[in-house]
Amino acid sequence: MSETVSFGHEDVAPAEKTARVGGVFTSVAASYDLMNDAMSGGMHRLWKDRFVRRVKPREGEQILDMAGGTGDIAFRMAASGAAITVADINPAMLEVGIERAAKRGIDGLVWTEANAETLAFPDRFFDAYTIAFGIRNVTDIAAALREAHRVLRRGGRFFCLEFSTTQWPGFKDAYALYSRKAVPQLGTLLAGDSDSYRYLIESIERFPDMPAFEGMIRDAGFINTRVESLLGGLVAIHSGWKI
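Per the working numbering, the very first residue in the sequence shown carries number 88; after that it's consecutive.
Given below as structure tokens:
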């Protein structure tokens, strides 16, 4: 990993990014759904539904939902009968997820605090690994992808849902204006926190484009990688297989 990494539009030391990202998600944990609504116009709910349909969770499978603290993806997979472990580096996010699960009457999920770059799970343990809107906040993305590959069984599948950069003319400029101007203001109104929302937008702008990120997934050892572009690339579903 390089001596500096991106934190929004800043370049900072890796340890500083980890700490500062932790602060962002501690700040926004209680308003996480509102945050995603603000950043996507509410469409994140449809994207997550589509994402889980691509994962195709099955009864009896072991699935790791990384950076899934508030439970959005795990709740959608719970009815499948798969054994789902929800992992997140941020305990505040996990607390929100556990509380939400209790309110929904969803039990049987395993909740654990974990760093995507250094997982404690054994080799070849999971049938599927999911991460939604979390990979861009990881300090060492390449290390996290290698860990995803390590903990998957042979034939295991990797799925990542993440913001990217839309290429649709007109919409690209309109969304850029909305995200840079309106989203931080919404952060102030909804959570009293514009800086965290500004970072989240900047982190999207600094994230590798779809071909570059697909290359990183291949470099981690995955084969048959695929990118499904949504809204011209505003969001992408990345996938790959371990053999």
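Ideal placement from N, C-alpha and C gives every residue a C-beta, glycine not left out.
For Met130, name the three-state secondary structure that DSSP assigns. Residue state, collapsed to three classes: coil.
Could you check the C-alpha separation between Ala166 and Asp124 for me, to the nearest Å? Looking at the backbone, the Cα of Ala166 and that of Asp124 are separated by about 24 Å.
Which of the three DSSP states, helix, strand or coil, is assigned to Asn311? DSSP places Asn311 in strand when its eight states are reduced to three.
Starting from Ser114, follow the alpha helix (DSSP H) in both directions and report where the run begins and ends. Here the alpha helix (DSSP H) through Ser114 covers Pro101 to Val115.
Could you tell me the distance, in whole angstroms, from the CA atom of Ala116 to the CA atom of Thr157? Distance between the alpha carbons of Ala116 and Thr157 is about 8 Å.
Tell me, please, whether the stretch 194–205 touches the stretch 218–225 by the rule of three or more beta-carbon pairs shorter than 8 Å. They touch, by the three-pair rule.
Please work out which residues of its chain come closer than 6 Å, Cβ to Cβ, to Ser283, disregarding the five sequence neighbours upstream and downstream, and give them in chain order. Val111, Ser114 and Val115.
DSSP three-state label for Glu200, please. Residue state, collapsed to three classes: strand.
Let me check understanding here. Comparing Cα to Cα, which of Tyr265, Arg285 and Leu264 lies closest to Gly274? Just measuring C-alpha positions, the residue of Tyr265, Arg285 and Leu264 sitting nearest Gly274 is Arg285.
Just verifying my parser: in three-state terms, what is the DSSP assignment at Val270? DSSP places Val270 in helix when its eight states are reduced to three.
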